[in-house]
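Q: A single structure is presented below for examination.
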Amino acid sequence: KRIIKAFQNFKEQDLEDILWLIINKKDIVKNIIDDIKKRLAFYVPHIPSSRVELVSELPQKDSSDKNAILLFGSSDLISKAIVFNIDYRQNPTDGWDWCKLAKYCSNHKVNIEESKLRFINYISILKKEAFDKTYIFGTGPTLEKAINHDWSDGYRIVCNTIVRDSVLWNHIKPHFIVAGDAIYHFGHTNFAKQFRQDLAKRLNETETFFLYPDLFDVIVQRELSQFSNKLIPIPEEYYEKIHTDLTRQFIIPGLNNVLASLLLPLACTLSKQIFLWGFDGRAPGDQLFWKNSEKHTYPHLIPELQKAHPAFFEHYVPQKDSNHYIKLAFGELLDQLLINAENEGFTFTMMHKSWTATLQKRFTKKIN
Numbered sequence: 001k002r003i004i005k006a007f008q009n010f011k012e013q014d015l016e017d018i019l020w021l022i023i024n025k026k027d028i029v030k031n032i033i034d035d036i037k038k039r040l041a042f043y044v045p046h047i048p049s050s051r052v053e054l055v056s057e058l059p060q061k062d063s064s065d066k067n068a069i070l071l072f073g074s075s076d077l078i079s080k081a082i083v084f085n086i087d088y089r090q091n092p093t094d095g096w097d098w099c100k101l102a103k104y105c106s107n108h109k110v111n112i113e114e115s116k117l118r119f120i121n122y123i124s125i126l127k128k129e130a131f132d133k134t135y136i137f138g139t140g141p142t143l144e145k146a147i148n149h150d151w152s153d154g155y156r157i158v159c160n161t162i163v164r165d166s167v168l169w170n171h172i173k174p175h176f177i178v179a180g181d182a183i184y185h186f187g188h189t190n191f192a193k194q195f196r197q198d199l200a201k202r203l204n205e206t207e208t209f210f211l212y213p214d215l216f217d218v219i220v221q222r223e224l225s226q227f228s229n230k231l232i233p234i235p236e237e238y239y240e241k242i243h244t245d246l247t248r249q250f251i252i253p254g255l256n257n258v259l260a261s262l263l264l265p266l267a268c269t270l271s272k273q274i275f276l277w278g279f280d281g282r283a284p285g286d287q288l289f290w291k292n293s294e295k296h297t298y299p300h301l302i303p304e305l306q307k308a309h310p311a312f313f314e315h316y317v318p319q320k321d322s323n324h325y326i327k328l329a330f331g332e333l334l335d336q337l338l339i340n341a342e343n344e345g346f347t348f349t350m351m352h353k354s355w356t357a358t359l360q361k362r363f364t365k366k367i368n
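All residue numbers for the sequence shown refer to the UniProt record's numbering, where the first residue is 1 and numbers rise by one.
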């Protein structure tokens, strides 16, 4: 039999604004409840954990179609309500559900038109530099060697935890940084918090704009509002094209990885020639997704991240098929999308060797 916990939000003194947490009775143990409270405190800080009430069933007369229902240890579908599956043990995308909950409960509205206008204006300024190429940077081990190259002859887009390295950041002087992972970048763990703290430091050092899926704007605006003139939240939908001109179609493709979803569409908006650095791929013996440059990630914080989102790692890098995510994000679909773009005059050059076949076939020795 389930126990149902009600978290009541008195922010707007609306007695109908209730979160119902449906949780299996066997999961009503201190460590799980404390963990859920910790996550609630981060994602919906205006809902105090002291407002917890145990009831035997979902009170029909006190609930409405606007009430959010949180599922933990239950796969039941409740058609009348807004449902968020926050069970980090079973749902590999619980981090995204938490962010959706944060957006829903705060009634956060993203001003997409304002963001699009800011983006178009910035692109028009950048294009006055008249570069014919764009450099995009991953965070593989080869990223450390980027310090030995001059990147000033092209547009420059970096991603993710490169923000840890102030020296390399200021050497590259990126025009854009992108990030789009609910768990690694916009979550409640120390890893994600450290990323955002370092991001704030780097945004304060250069004239770099931050482009990210609009789902995460509720978190970004809470912590990085001082950089509002540099923030570009953008809608995300699934479609199979990476050479979209984002000034015309202001929507990124939801294609499972920062390369296809953010880096490539943004690069193709800026130029026809795209050069890639720091995409080493997954070498034999690598753990989790792949090996990152240790100077440009937080390896000491990975264990906590794994513990907080076990289903995520079990789903995307299962022990029985550790290359599952590589095939999903960098396999036949990405190769075909690159071919489609190449057929329209775009070029993609891998500047060093990569274990990712789709990128290695585009490696040119002459560059290095």
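Each residue gets a CB set at the ideal place from its N, CA and C atoms; glycine is no exception.
These numbers were taken from a predicted model, which means no experiment stands behind them.
1) Straight-line CA distance for L54 to K37?
2) Classify I136: buried if its beta carbon has 16 or more other beta carbons within 10 angstroms, exposed otherwise.
3) Give a yes or no on whether the C-beta atoms belonging to L211 and V178 are separated by under 7 Å.
4) Give me the DSSP bridge partner(s) of E237.
5) Applying the 10 Å Cβ sphere with the 16-neighbour rule, what's the burial state of G140?
6) For the beta strand (DSSP E) holding F176, just list the boundary residues, first then last.
7) Looking only at DSSP bridge pairs, what is A68 linked to?
8) Indicate the three-state DSSP secondary structure (helix, strand or coil) for P213 in the structure shown.
9) Beta-carbon within less than 8 Å of K365's beta-carbon, same chain only, minus the 5 sequence neighbours each way: which residues are those?
10) Just the Cα atoms here: how many angstroms apart are S106 and D165?
11) Considering only residues of the same chain and omitting the five flanking positions on each side of F131, which have a CB-CB separation below 8 Å?
12) Report the rounded CA-to-CA distance for Q194 versus T134, giving the unit in angstroms.
13) Beta-carbon separation of P233 and S115 under 7 Å?
14) For V110, does the three-state DSSP call read helix, strand or coil?
15) Let me know if S228 comes out buried or exposed under the rule of 16 or more other beta-carbons within 10 Å of its beta-carbon.
16) Rounded to the nearest angstrom, what separates K262 and I69 at their Cα positions?
17) When DSSP labels each residue in this structure, what does T244 get in the three-state scheme?
18) Does DSSP put residue 400 in a helix, in a strand, or in coil?
19) Run through DSSP, which three-state label would F195 get?
20) Does the separation of the CB atoms of N190 and E304 fall below 7 Å?
21) Is H185 close to chain D? Criterion is C-beta to C-beta, closer than 7 Å.
22) Does the separation of the CB atoms of T244 and P265 fall below 7 Å?
23) Comparing the CB of I183 with every heavy atom of the ligand ATP, is any distance shorter than 6 Å?
A: Considering the structure as presented:
1) The residue labelled residue 54 in the question sits at position 54 within the sequence shown. The residue labelled residue 37 in the question sits at position 37 within the sequence shown. Note that L54 scores a pLDDT of 43, beneath 50, so its modelled location is shaky; the value from the coordinates is reported in the next line. Rounded to whole angstroms, L54 to K37 spans 14 Å at the Cα level.
2) Along the sequence shown, read from residue 1 onward, the residue named residue 136 stands at position 136. Classification for I136: buried.
3) Along the sequence shown, one-based indexing puts residue 211 at 211. Along the sequence shown, one-based indexing puts residue 178 at 178. Taking 7 Å as the Cβ cut-off, L211 and V178 qualify as a contacting pair.
4) Locating residue 237 in the sequence shown gives position 237, where the first residue counts as 1. Bridge partners of E237: P253.
5) Here residue 140 refers to the residue found at position 140 when the sequence shown is read from its first residue. So G140 counts as buried.
6) Here the question's residue 176 lines up with position 176 in the sequence shown. Start and end: 176-178.
7) The count along the sequence shown starts at 1 and reaches residue 68 at position 68. For A68, which the question treats as bridged, DSSP gives the partners L19, I82.
8) Along the sequence shown, read from residue 1 onward, the residue named residue 213 stands at position 213. Of the three classes helix, strand and coil, the one that applies to P213 here is strand, per DSSP.
9) Mapped onto the sequence shown, residue 365 falls at position 365. Counting only Cβ-Cβ distances below 8 Å, and skipping sequence neighbours, we find nothing.
10) Within the sequence shown, numbered from 1, the residue matching residue 106 stands at position 106. Within the sequence shown, numbered from 1, the residue matching residue 165 stands at position 165. Their Cα atoms are separated by approximately 33 Å.
11) Locating residue 131 in the sequence shown gives position 131, counting from the first residue. Hits under 8 Å: D153, G154, Y155, L270, S271.
12) Numbered from its first residue, the sequence shown carries residue 194 at position 194. Numbered from its first residue, the sequence shown carries residue 134 at position 134. Straight-line Cα distance between these residues: approximately 28 Å.
13) For this step, residue 233 is matched to residue 233 along the sequence shown. For this step, residue 115 is matched to residue 115 along the sequence shown. The answer is yes: Cβ separation under 7 Å.
14) The residue given as residue 110 occupies position 110 in the sequence shown. V110: coil per DSSP, three-state reduction.
15) Translated into the one-based positions of the sequence shown, residue 228 becomes position 228. With fewer than 16 Cβ atoms within 10 Å of its Cβ, S228 is classed as exposed.
16) Residue numbering aside, residue 262 sits at position 262 when the sequence shown is read from its first letter. Residue numbering aside, residue 69 sits at position 69 when the sequence shown is read from its first letter. Before going further, note that residue 262 is Leu rather than Lys in the sequence given. Roughly 31 Å between the two C-alpha positions.
17) Residue numbering aside, residue 244 sits at position 244 when the sequence shown is read from its first letter. T244: coil per DSSP, three-state reduction.
18) Residue 400 lies beyond the residue range present for the chain, which begins at 1 and ends at 368; the question has no answer from this structure.
19) Here residue 195 refers to the residue found at position 195 when the sequence shown is read from its first residue. If DSSP states are grouped into helix, strand and coil, F195 belongs with the helices.
20) As a first step, residue 190 must be located in the sequence shown, where it is residue number 190. As a first step, residue 304 must be located in the sequence shown, where it is residue number 304. Yes. Within cutoff.
21) Reference to chain D is not applicable here, since this structure consists of a single protein chain.
22) Within the sequence shown, numbered from 1, the residue matching residue 244 stands at position 244. Within the sequence shown, numbered from 1, the residue matching residue 265 stands at position 265. Cβ atoms of T244 and P265: closer than 7 Å.
23) Looking for the ligand ATP in the displayed structure turns up nothing, as the structure carries no ligands at all.
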